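S.K.:
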Amino acid sequence: MEDFIKKTAEYIVSSKHVVALTGAGISVESGIPPFRGKGGLWEKFDPMEVAHIDSFMNNPEKVWRLLISEMKELLVSAKPNAAHLGLARLEELGLLKTVITQNIDGLHQMAGNKDVIEFHGSFAWLRCLDCGSREQTVEVDLSHMPPRCDCGGIYRPECVFFGETIPMQDLDRSQIAASTCDLMLVVGTSAIVQPAAFMPVIAKQSGATVIEINPEPTPLTGTTSTLLVQGKAGKAMRKITAEVGRIIAEKQR
Ligand code: NAD
Ligand code: ZN
11 MEDFIKKTAE
21 YIVSSKHVVA
31 LTGAGISVES
41 GIPPFRGKGG
51 LWEKFDPMEV
61 AHIDSFMNNP
71 EKVWRLLISE
81 MKELLVSAKP
91 NAAHLGLARL
101 EELGLLKTVI
111 TQNIDGLHQM
121 AGNKDVIEFH
131 GSFAWLRCLD
141 CGSREQTVEV
151 DLSHMPPRCD
161 CGGIYRPECV
171 FFGETIPMQD
181 LDRSQIAAST
191 CDLMLVVGTS
201 AIVQPAAFMP
211 VIAKQSGATV
221 IEINPEPTPL
231 TGTTSTLLVQ
241 GKAGKAMRKI
251 TAEVGRIIAE
261 KQR
């Protein structure tokens with residue numbers, strides 16, 4: 011792993027336009043379980059049952075209770091970990107331009123990243139299914155399920171459920187980021203959910219180097235990605251960021 015950490019840091023420093031694509035795995039060390047993999051929510055629930063728009067529309071109370079209320083406890087208390095902070099530091103250094111995240115937890119913004127594309131929306135805001143008014147999740151009484159707007163309509167989170175399309179603006183911006191970067195860091199994603207998983211493919215086809223950070227190989231490994239830094243995101247990013255700092259300091263001497 012140490013060799014790959016060094017190589018990744020060298021790639022980052024010598025690139026002109028770095029973009030990161032992140033998934034649920036980057037937030038595992040912040041206490042938020044992923045969907046797939048060990049300890050994932052899918053060991054407990056059927057994903058298509060809880061995270062599909064049809065299930066939500068058919069039985070919002072059930073979906074709110076099962077998945078979203080379970081995640082909410084974790085989401086309100088979660089703090090960014092070393093991986094989020096490392097990406098924020100890389101942006102501060104002018105090396106990282108954009109984070110495309112599949113996560114809905116807001117931890118990249120909390121860590122300090124300014125340019126974050128929330129590919130699957132966010133849990134921070136809710137929208138009324140009847141009148142369309144929006145409210146911050148923290149302002150809504152979630153003790154009654156499903157939560158309701160003053161008009162009596164049911165609130166939905168402003169995230170993208172399975173079966174829904176990615177908002178055009180986010181998809182466009184992500185495709186542009188992927189096709190213009192020269193290095194894409196793919197952190198903590200199983201690279202199975204489309205079209206997010208296609209962003210590294212676009213990057214590769216446009217001539218970029220793709221590096222993954224994940225304890226497990228993914229469908230991108232060895233095909234789209236040049237390197238897999240095999241390990242936890244927080245631990246790996248802390249080392250990578252330190253190495254980037256060391257290389258920069260050495261150059262300035
Ligand atoms: P996923 O759940 O399908 O896969 C998680 C990936 O993270 C796996 O490849 C796993 O090996 C890896 N992983 C586990 N621990 C890790 C660690 N410590 N460091 C780095 N990697 C680690 O995640 P996905 O690819 O993002 O797709 C699932 C969908 O679920 C996404 O669309 C996302 O919107 C949603 N989701 C979001 C959150 C969140 O907001 N934090 C949490 C769960 C699911
Ligand atoms: Zn309403």
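In our numbering, the protein residues as written are 11 to 263. Note that beta-carbon positions come from the ideal geometry of N, C-alpha and C, so glycine has one too. Small disclaimer: the values here were computed from a predicted structure and weren't measured.
Which partner residues does residue 62 have in the DSSP bridge list?
M.R.: In DSSP, residue 62 forms a bridge with 172.
S.K.: On the three-pair Cβ rule with 8 Å, is the stretch 221-239 touching the stretch 197-207?
M.R.: The stretch 221-239 vs the stretch 197-207: in contact.
S.K.: Would you list the residues sitting across from residue 166 in a DSSP beta bridge?
M.R.: Residue 166 is bridged to 137.
S.K.: Taking C-alpha atoms, which residue in 30, 196, 184, 186 lies nearest to residue 100?
M.R.: If we check each option's Cα against that of residue 100, 30 comes out closest.
S.K.: Would residue 36 and residue 171 qualify as a contact pair, given that the criterion is a beta-carbon distance under 8 Å?
M.R.: Result no, Cβ atoms of residue 36 and residue 171 do not sit closer than 8 Å.
S.K.: Count the other C-beta atoms from every protein chain shown that fall within 10 angstroms of the C-beta of residue 89, then say buried if there are 16 or more, exposed otherwise.
M.R.: Exposed.
S.K.: Is the beta carbon of residue 252 less than 8 Å from the beta carbon of residue 197?
M.R.: No, the Cβ-Cβ distance between residue 252 and residue 197 is not below 8 Å.
S.K.: So the beta strand (DSSP E) residue 39 belongs to, where does it begin and stop?
M.R.: Unbroken run through residue 39: none, as it is neither H nor E.
S.K.: Under 8 Å by Cβ, that's how I've got residue 108 and residue 218 pegged, so tell me the actual separation to the nearest angstrom.
M.R.: About 13 Å separates the two Cβ atoms, so there is no contact after all.
S.K.: When the Cβ atoms of the stretch 48-59 are set against those of the stretch 135-142, are three or more pairs found closer than 8 Å?
M.R.: The stretch 48-59 is not in contact with the stretch 135-142.
S.K.: Rounded to whole angstroms, what is the Cα-Cα separation between residue 184 and residue 119?
M.R.: About 17 Å.
S.K.: May I ask whether a heavy atom of the ligand NAD can be found less than 7 Å away from the beta carbon of residue 46?
M.R.: Indeed, a heavy atom of the ligand NAD lies less than 7 Å from the Cβ.
S.K.: Return the chain-ordered ranges of every beta strand (DSSP E) run that is complete within the stretch 192-230 and spans a minimum of 3 residues.
M.R.: Qualifying beta strand (DSSP E) stretches, in chain order: 193-197, 219-223.
S.K.: Please classify residue 111: does DSSP put it in a helix, a strand, or coil?
M.R.: Of the three classes helix, strand and coil, the one that applies to residue 111 here is strand, per DSSP.
S.K.: Say yes only if the C-beta of residue 115 is nearer than 7 Å to one or more non-hydrogen atoms of the ligand NAD, and no if none qualify.
M.R.: Answer for residue 115: yes, Cβ within range of the ligand NAD.
S.K.: Beta carbon of residue 147: closer than 7 Å to some heavy atom of the ligand NAD?
M.R.: Checking every heavy atom of the ligand NAD against the Cβ of residue 147, none is found closer than 7 Å.
S.K.: When the Cα atoms are used, what is the spatial distance from residue 236 to residue 220?
M.R.: Straight-line Cα distance between these residues: approximately 6 Å.
S.K.: Does any heavy atom of the ligand ZN sit closer than 7 Å to the C-beta of residue 151?
M.R.: Outside the cutoff, so no.
S.K.: Near residue 173, which residues of its chain fall below 8 Å by C-beta distance, leaving aside the five closest residues on each side in sequence?
M.R.: Within the same chain, residue 173 has close Cβ partners 62, 63, 64.
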